[in-house]
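To keep things clear, I will list the structure first and then write my remarks on it.
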Amino acid sequence: MKRFKGQGEKEALVKRLLLSYRDSVEVVPPPFQEFVRRCEIRIANTRQARLRAARGLTVTLRWGLALASVLVVGILLGRFVLLPSFPQQDGFISQMGRVDARSGSKLRVSRYSYDDMKVIHFVLSEGEAVFYPKKVSLRMRYVVETPHMYIRVVGTIFRVSVFSNETKVHVEEGRVWCYPRVEGYTINHVLQGETPSASLVLEEGRELVLGEKKPQNPVFSPVAPSSEGGEISKQKPVSGSGLLAEKKTITFSSNIVSIVAYKEYKGYQVTLREGEKLEIANNGKALTIDLSSWAMGWFDPVLLEDGIVLVSHTGVIVRLSYEGRVSFKLRPIEGRLISPPLVTSRGVILMQPEGMFISLWDGSSWKIPAESDFLRKSLPFYFEKSDVIIYANEPGSIAAYSLKKRDILWTHRLVREFVGAPIRGREEIAYVYGGAGNILVAVDVRDGHFVWSRSLGKTLQWMDIVGDNVVVILATPTGSEVQLLSLQEGDVLSSLSFPGKVKDTLKENGVVYFLTDEGSVFKIENEKKKISLLIKEPSLSKLTFIQNKVGGIGTSGLVVLEK
């Protein structure tokens, strides 16, 4: 080790070092002799000191400290923080941005490579810090670790507070990915994108508090005993309807007003509630899955033969069995969806501003360019037999896309038209609504030629295929009009006008039910070509089937509407 010839040489060395790091802030300076010893080590072995810097060192902040392009270093003083810029090394440290840490906070940072990625890894073990990371490249990862979670960021501003028993994250701008920590879960899982505990996307303005109770995936909790068929209470008939002998209210738990969606399939009752809770009940047994650890905000669940498919507003796709076992979970996109997804036997199609994102169950995925305005208005249709998607790809045009070939088979101009409603299909024929001239067109999926077209004369509110007919609901000056059209020629078979606009619809076995904004529920029987009023219940917000009977979701819970 180098020996100083005199006090003057020692003081000169200290002065040079302090000038080099004049922008650093000393928090708790060590004794002078210890300071000099560390300076000697720095001079003697720069490479070794840099390796120690890469590993990182805990820093206890004794007062409020703002770090511009921070790096917590244990090279010289061991317990102070620097710098506005780091000596030229990897070139990516300057992209770390700024961190404001509260007095008393314990913060550590490491920088290293992982699978050809550059990693900036903060560890906040106590206190509070506000992070201002710059936007990083795809080959970089910016991660903040606390005792309760990992937080992965891409260009955002967020505040992290660590208390003795919980961590609180508040996103001020942009978004972050939060990974609750469970046993055996490491930073490598976050870097690889693995989410055994599930990731939660926090958007701007959202806040997450996670305590010492580390969540599992999924979280199961018992449901009240009343979930076995529920409590059924009889009420008087609705006045004026004359169609219903009694109305039954079925309550599946005490929190009846929080039901977002309810569906049944082969004895299973699936309920989506506010607070991101999914309930699955069968034969008196029930479980609750907490979806908030995956994402906030979900579309209605889709029930398939072998399980349930859930898609969040931010594109998280989850497929699970009716026993709650997760078989597929992926968030293949960034950002939010612009309309509900299309769930098929092959996979899920997500609607984004740039087009459609195809995510198949085998794990493959890719994007198809399309106009966002038309994807909002017109949900594509998937033909399983031909493995083809029909969608509106640009103004006045529709296209057929083969999932097998990953290519467009044909496009067809609709002449000054735009597709203004979800596309429907039956036996290789697609039924498309053109919103400029209010026309309905039947198109052969195999080659794109028109089978027939008909002017509806009014703006379409809703369209679907029921039995051998196309059922359309049109807007009129005084309310709405229902028309039944034949699939083969498009001829009008029956029609009925009624007050109000359509709020929700439901179809099953050749029968359509629709709810108006005035609370009227109408029934369309396809075989009888008959349209009739079923009931009027202003409190209803959505229709659903309950124990194989048409029902609704209202302020009093689940209501059976038909005997």
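Per the UniProt record's numbering, residue 1 is the first one in the sequence shown, and the count goes up by one each step. For every residue, glycine included, the Cβ atom is placed at its ideal position computed from N, Cα and C. Note that this is a predicted model, so its numbers are computed, not measured.
- Query: Do V160 and V201 have their CB atoms nearer than 9 Å?
  - Reply: The residue given as residue 160 occupies position 160 in the sequence shown. The residue given as residue 201 occupies position 201 in the sequence shown. No, they are not a contact pair.
- Environment of A421 [buried if 16+ CB atoms lie within 10 Å]: Position 421 of the sequence shown, counted from the first residue, corresponds to residue 421. With 16 or more Cβ atoms within 10 Å of its Cβ, A421 is classed as buried.
- Using the rule of at least 16 other Cβ atoms within 10 Å of the residue's Cβ for burial, across every protein chain shown, is W366 buried or exposed? Your numbering for residue 366 matches position 366 in the sequence shown. Classification of W366: exposed, given that the 10 Å Cβ count is below 16.
- First and last residue of the beta strand (DSSP E) that includes S497? By 1-based counting over the sequence shown, the position of residue 497 is 497. Start and end: V492 to F498.
- Where V316 sits in the DSSP three-state scheme: The residue labelled residue 316 in the question sits at position 316 within the sequence shown. Note: V316 maps to coil in three-state DSSP.
- Using the C-alpha atoms, what's the distance from E525 back to T476? Here residue 476 corresponds to residue number 476 of the sequence shown, with the count starting at 1. Here residue 525 corresponds to residue number 525 of the sequence shown, with the count starting at 1. The straight-line gap from Cα to Cα measures roughly 22 Å.
- Message: Strictly under 9 Å for the Cβ-Cβ distance: is S365 near chain D by that measure?
- Response: Of the protein chains in the structure, only one exists, and it is not chain D.
- Among V143, E166 and V123, which residue has its Cα nearest to the Cα of M117? To locate residue 117, count along the sequence shown from 1; it is residue 117. Answer by Cα proximity: V143.
- Query: Using DSSP with H/G/I as helix, E/B as strand and the rest coil, what is L191?
  - Reply: Working through the sequence shown from its first residue, we reach residue 191 at position 191. Helix, per DSSP.
- Of all the beta strand (DSSP E) runs that stay within the bounds of the stretch 427-510, which reach a length of 3 or more residues? 429-434, 439-444, 450-455, 460-466, 469-476, 479-486, 492-498 and 502-508
- Message: Tell me the rounded alpha-carbon separation between R98 and Y112.
- Response: Taking the first residue of the sequence shown as 1, we reach residue 98 at position 98. Taking the first residue of the sequence shown as 1, we reach residue 112 at position 112. Taking the straight line joining both Cα atoms gives about 19 Å.
- Message: Checking 9 Å against the spacing of the C-beta atoms, do E207 and V260 come in under that value?
- Response: Start at 1 with the first residue of the sequence shown, and residue 207 comes out as number 207. Start at 1 with the first residue of the sequence shown, and residue 260 comes out as number 260. Result no, Cβ atoms of E207 and V260 do not sit closer than 9 Å.
- Item | Which of helix, strand or coil DSSP assigns to F374 | Locating residue 374 in the sequence shown gives position 374, where the first residue counts as 1. Reduced to three states, the DSSP call for F374 is helix.
- Task: Given a cut-off of 9 Å, decide if L330 and L363 are closer than it, judged by their beta-carbon atoms.
- Result: On the sequence shown, position 363 is the one that residue 363 refers to. On the sequence shown, position 330 is the one that residue 330 refers to. Correcting the residue identity first, residue 363 is Gly in this sequence and not Leu. Contact flag set, yes.
- Confirm, please, whether the CB-CB distance from I398 to L409 is below 9 Å. Looking up residue 409 in the sequence shown gives position 409. Looking up residue 398 in the sequence shown gives position 398. Contact flag unset, no.
- Query: Among I349, L350, I289 and F357, which residue has its Cα nearest to the Cα of V326?
  - Reply: Along the sequence shown, read from residue 1 onward, the residue named residue 326 stands at position 326. If we check each option's Cα against that of V326, I289 comes out closest.
- Looking only at its own chain, which residues have a Cβ that is under 6 Å from the Cβ of L360, when we skip the five neighbours before and after it? The residue given as residue 360 occupies position 360 in the sequence shown. Hits under 6 Å: R346 and G347.
- Give the straight-line distance between the Cα atoms of P380 and A392, rounded to the nearest whole angstrom. By 1-based counting over the sequence shown, the position of residue 380 is 380. By 1-based counting over the sequence shown, the position of residue 392 is 392. Their backbone Cα atoms lie some 7 Å apart in a straight line.
- Query: Do you know offhand how far S221's Cα is from L287's?
  - Reply: Your numbering for residue 221 matches position 221 in the sequence shown. Your numbering for residue 287 matches position 287 in the sequence shown. Because the pLDDT of S221 is 30, which lies under 50, any placement of that residue in the model is unreliable, and the question is left without a value.
- Query: In angstroms, rounded to a whole number, what distance separates the CA positions of L496 and K507?
  - Reply: Numbered from its first residue, the sequence shown carries residue 496 at position 496. Numbered from its first residue, the sequence shown carries residue 507 at position 507. Roughly 18 Å separates the two Cα atoms.
- If you count every other CB in all the chains shown that lies within 10 Å of the CB of F450, and 16 or more means buried, which is it? Here residue 450 refers to the residue found at position 450 of the sequence shown. It counts as exposed.
- Task: Return the residue from the list F545, K549, L561 and E562 that minimises the CA-CA distance to T271.
- Result: By 1-based counting over the sequence shown, the position of residue 271 is 271. Closest by alpha carbon: F545.
- According to DSSP, residues forming a beta bridge with A392: On the sequence shown, position 392 is the one that residue 392 refers to. According to DSSP, which records beta bridges pairwise, A392 is partnered with I398.
- Query: By Cβ distance, which residues of its chain are closer than 8 Å to Y268, with the 5 residues on each side in sequence left out?
  - Reply: To locate residue 268, count along the sequence shown from 1; it is residue 268. In the same chain as Y268, and ignoring 5 residues on each side of it, the C-beta atoms closer than 8 Å to its own belong to I280, A281, N282, L303 and Y322, in chain order.
- Item | R141 and L191 closer than 9 Å at C-beta | The residue you call residue 141 lines up with position 141 of the sequence shown. The residue you call residue 191 lines up with position 191 of the sequence shown. Taking 9 Å as the Cβ cut-off, R141 and L191 qualify as a contacting pair.
- Query: Rounded C-beta distance between K536 and D517? I'm assuming under 8 Å.
  - Reply: Residue 536 sits at position 536 when you count from the first residue of the sequence shown. Residue 517 sits at position 517 when you count from the first residue of the sequence shown. About 12 Å separates the two Cβ atoms, so there is no contact after all.
- Helix, strand or coil: which one does DSSP assign to S345? For the purposes of this step, residue 345 is taken as residue 345 along the sequence shown, with counting starting at 1. Residue state, collapsed to three classes: coil.
- Whose C-beta lies closer than 6 Å to the C-beta of Q48 among residues of the same chain, with five residues either side of it excluded? Taking the first residue of the sequence shown as 1, we reach residue 48 at position 48. Because Q48 sits at a pLDDT of 49, beneath the cut-off of 50, its placement in the model cannot be relied upon, and the point is left open.
- Message: Checking 9 Å against the spacing of the C-beta atoms, do L487 and I429 come in under that value?
- Response: The residue given as residue 487 occupies position 487 in the sequence shown. The residue given as residue 429 occupies position 429 in the sequence shown. In contact: L487 and I429 (Cβ atoms closer than 9 Å).
- Item | C-beta atoms of G434 and V443 nearer than 9 Å | Position 434 of the sequence shown, counted from the start, is the residue given in the question as residue 434. Position 443 of the sequence shown, counted from the start, is the residue given in the question as residue 443. No. Outside cutoff.
- Message: By alpha-carbon positions, which one of N548, V492 and W462 ends up nearest to L515?
- Response: The count along the sequence shown starts at 1 and reaches residue 515 at position 515. Ranking the options by Cα distance to L515, first place goes to W462.
- Item | Opposing strand residues paired with G127 [DSSP bridges] | Looking up residue 127 in the sequence shown gives position 127. Per DSSP, V162.
- Task: Can you have a look at S480 and say buried or exposed, based on whether 16 or more other CB atoms are within 10 angstroms of its CB?
- Result: Reading the sequence shown from its first residue, position 480 is the one you call residue 480. Result: buried.
- Query: Going by the CB atoms, is the gap between S110 and G127 shorter than 9 Å?
  - Reply: Indexing the sequence shown from 1 puts residue 127 at position 127. Indexing the sequence shown from 1 puts residue 110 at position 110. No.
- Message: Let me make sure I understand the geometry here. Which of L375, E354 and F383 has the alpha-carbon closest to that of P369?
- Response: Working through the sequence shown from its first residue, we reach residue 369 at position 369. Taking only the C-alpha atoms, the option nearest P369 is E354.
- Since I believe V162 is in contact with P147 (beta carbons under 8 Å), could you give me their beta-carbon distance rounded to a whole number of angstroms? Position 147 of the sequence shown, counted from the first residue, corresponds to residue 147. Position 162 of the sequence shown, counted from the first residue, corresponds to residue 162. Right, the Cβ-Cβ distance comes to about 7 Å (below 8 Å), so this counts as a contact.
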